[in-house]
Amino acid sequence: MFLTAQQLLMLKKATLETFYMVSVTTGLTVALGVPLGILLVVMRPGHILENRWAYRLLGLAVNATRSVPFPIFIVFVIPLTRLIVGTSIGSTAVIVPLTLAAFVLMARLTESCLMEVPHGVVEAAQSMGAGNWRIITRVLLPEALPGLLMAVTIAVITLISYSAMAGMIGGGGLGDLAIRYGYHRYQTDIMWATVVFLVVVVQLVQYLGDALVVKFSRR
Amino acid sequence: MPLIEIRGLRKTFGKGPGAVEALRGIDLSVEEGEIFGVVGLSGAGKSTLIRCINRLERPDSGSVLIGGKDVMGFSGRELKLARRSMGMIFQSFNLLSSRTVASNVAFPLEAAGAPRSSIPGRVAELLELVGLSDKAQSFPAQLSGGQKQRVGIARALANRPKILLCDEATSALDPQTTTSILELVSDVQKRLGLTVVLITHEMKVITEICDRVAVMEAGEIVEAGATAEVFSRPRHPVTKGFVEVILRRGSRFLESGYVPRGKLLRVSMTGERVQTPLAGELVRLFGLSPVILQAHVDHIKDTPFGTLVMDLQGPQEKAGEAVEWILAQGNMVEPLN
Chain A
1 MFLTAQQLLM
11 LKKATLETFY
21 MVSVTTGLTV
31 ALGVPLGILL
41 VVMRPGHILE
51 NRWAYRLLGL
61 AVNATRSVPF
71 PIFIVFVIPL
81 TRLIVGTSIG
91 STAVIVPLTL
101 AAFVLMARLT
111 ESCLMEVPHG
121 VVEAAQSMGA
131 GNWRIITRVL
141 LPEALPGLLM
151 AVTIAVITLI
161 SYSAMAGMIG
171 GGGLGDLAIR
181 YGYHRYQTDI
191 MWATVVFLVV
201 VVQLVQYLGD
211 ALVVKFSRR
Chain B
220 MPLIEIRGLR
230 KTFGKGPGAV
240 EALRGIDLSV
250 EEGEIFGVVG
260 LSGAGKSTLI
270 RCINRLERPD
280 SGSVLIGGKD
290 VMGFSGRELK
300 LARRSMGMIF
310 QSFNLLSSRT
320 VASNVAFPLE
330 AAGAPRSSIP
340 GRVAELLELV
350 GLSDKAQSFP
360 AQLSGGQKQR
370 VGIARALANR
380 PKILLCDEAT
390 SALDPQTTTS
400 ILELVSDVQK
410 RLGLTVVLIT
420 HEMKVITEIC
430 DRVAVMEAGE
440 IVEAGATAEV
450 FSRPRHPVTK
460 GFVEVILRRG
470 SRFLESGYVP
480 RGKLLRVSMT
490 GERVQTPLAG
500 ELVRLFGLSP
510 VILQAHVDHI
520 KDTPFGTLVM
530 DLQGPQEKAG
540 EAVEWILAQG
550 NMVEPLN
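Protein sequences, first through last, are from chains A and B.
Letter by letter, the first sequence follows residues 1 to 219 in the working numbering.
Letter by letter, the second sequence follows residues 220 to 556 in the working numbering.
Take a look at the structure:
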């Protein structure tokens, strides 16, 4: 290894910060994005909880959130971040804009997965006297599970990339390290190390995601 | 009192000039314990009709009475209970791909809140009934179409319904598999005393198992009655078209250049009349020499049904008398020249 012990220490710290941001945000993203995605499906015209206006309103809100480029979004939600976390600086503060930006992506991904479940299967469940909650939890979600796992994989990888912008508000992490040391201080070796490391991490996440998808595919 | 009574059912999809009137005032009653078929070409509205029975589709007006109670007036809870008293099977099977066969059959039991301990026994019973005990742990993707429909049937019967609704249940299957599924439906219908309502565009399905039939066209019922009755005396062009298909009643012999030398007739016979030596009698009684161009005997449900196309050669002055005689026997005669 061509890095000094001190550099390795920085790399380790940054990795832990990235891991912290990404894992907490992934949890929140799934917890918020999947239910929102479900609503975006079941409130569609002709679906089990049809509600034209609520569907349009939610769709509009999701699109609006997704329209803002992430670096601008971070700044834009600073008041909210302060309100929730108490500060707008640091790894924990970054979790707010990260979650907000990622959960709407997760919602859209969830929506497209659930749309893949044939409507006939939903109707079959209805014909057996299953209620809406049962249809969501026992039909839509299990049937869409492989797709949802793929969606979570995409969301995690997107989060790793988004978290790199966390440096803008002192959030730390691998991206921050690469920019501050690798770019601003011309320490190209640090930049290379982070890039290689990120590539490896993303590959591992994708590999794990693919393996889970295969494990749960029944088609 | 009929088990299912449909009155003045109407349903229009869409608005304005592009609107489609799927049901234009349907009246229908299905007696307990019968197999009732609705046949029609695609787009006739039959799928909308059957889906109104368990309210998968909400009609614009009219009523669907099941045992005297209007399904249209049911609240959420009542509707769930009503749906559990009706099983439904589908053209595309609609099984849960993430569940095993056994677990698919368990689904309606879980939905009905059956005690957890009672489920495995009931599932085994149902799989036995449809002949799939060895596939309990398979996933739907590993099954053939016929096997998938058997799972569908087991699932539909899980909560011991009184009614079985079949929405084009054999349309995705090959002819042999269709026959075996029809046999299964007919078998469970007898064994469990079910009332079956099925819709189809396949005449084979109607003639093999339906006691009564309604012919649908453009959102209306154009003809209805006992199956053998309706198809031995088809009145509406759509009905005639279906009969042609099943009996291959074309007149290709004319196209192929056959020149009749006498009166050309098509005789339709039902029931025991199929067994009368018609051609022989024409020879004996009228001294005619019938040339048989086409003859076909089939069964509609349990009634034999035959058609005979013949060229009545011989003394033509006797031919008119012969036609009178054939009619007097209770047969139908259609002159072709």
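Glycine included, C-beta positions come from ideal geometry on N, C-alpha and C.
What number of angstroms, rounded off, separates the C-alpha of residue i from the C-alpha of residue j?
i	j	result
R303/B	R374/B	11 Å
V290/B	Q310/B	24 Å
S487/B	P523/B	11 Å
L504/B	V258/B	41 Å
T526/B	G227/B	37 Å
T153/A	M307/B	38 Å
M21/A	E329/B	40 Å
V201/A	F326/B	40 Å
R134/A	Q126/A	10 Å
V24/A	T4/A	30 Å
G476/B	Q513/B	15 Å
N132/A	G292/B	19 Å
P554/B	V441/B	25 Å
V41/A	Q203/A	31 Å
Between residue i and chain A, is there a C-beta pair that is closer than 9 Å?
i	result
K299/B	yes
F505/B	no
G295/B	yes
A391/B	no
N550/B	no
R302/B	yes
R318/B	yes
E329/B	yes
Given that a residue counts as buried once 16 or more other Cβ atoms are within 10 Å of its Cβ, and exposed if not, what is residue i?
i	result
Q6/A	exposed
R454/B	exposed
K12/A	exposed
V349/B	buried
V196/A	exposed
M366/B	The sequence shown places Gln at residue 366/B, not Met. So Q366/B ends up on the buried side.
G506/B	exposed
N550/B	buried
V214/A	exposed
Y207/A	exposed
Do residue i and residue j have their C-beta atoms within less than 9 Å of each other?
i	j	result
V464/B	I428/B	no
S163/A	V75/A	no
V416/B	I269/B	yes
V432/B	T389/B	no
P479/B	N556/B	yes
R335/B	D279/B	no
Q548/B	T489/B	no
V434/B	V457/B	yes
L60/A	L39/A	no
By Cβ distance, which residues of its chain are closer than 8 Å to residue i, with the 5 residues on each side in sequence left out?
i	result
M305/B	I272, N273, I285, P380, K381, I382, L383, L384
G364/B	F312, A391, L392, D393, T396
V239/B	T231, F232, G233
Given residue i, which residues of its chain have a CB within under 6 Å of its CB, disregarding the five upstream and five downstream residues?
i	result
E17/A	S91, G172, G173
K482/B	L531, A538
L140/A	L114, V117
M106/A	T29, G33, A155
N378/B	R303, P327, A331
R243/B	G438, E439
L109/A	A151
R66/A	V104
M191/A	A178, G182
V528/B	R485, L512, Q513
Give every residue of the same chain whose Cβ lies closer than 7 Å to the Cβ of residue i, excluding the five residues on either side of it in the sequence, and list them in chain order.
i	result
R52/A	P45
L145/A	F216
T81/A	S88, A93, V96, P97
F73/A	P97, A101
A360/B	S316
Q187/A	Y181
M10/A	L177
E111/A	G37, L40, V41
9 Å is my cut-off, CB to CB: does residue i come that close to chain B?
i	result
S112/A	no
P118/A	yes
P45/A	no
G131/A	yes
E50/A	no
L149/A	no
M128/A	yes
R218/A	yes
Consider the Cβ of residue i: report whether some Cβ of chain E lies at a distance smaller than 9 Å.
i	result
M305/B	Going by chain labels, chain E is absent from the structure shown, which instead holds the protein chains A and B.
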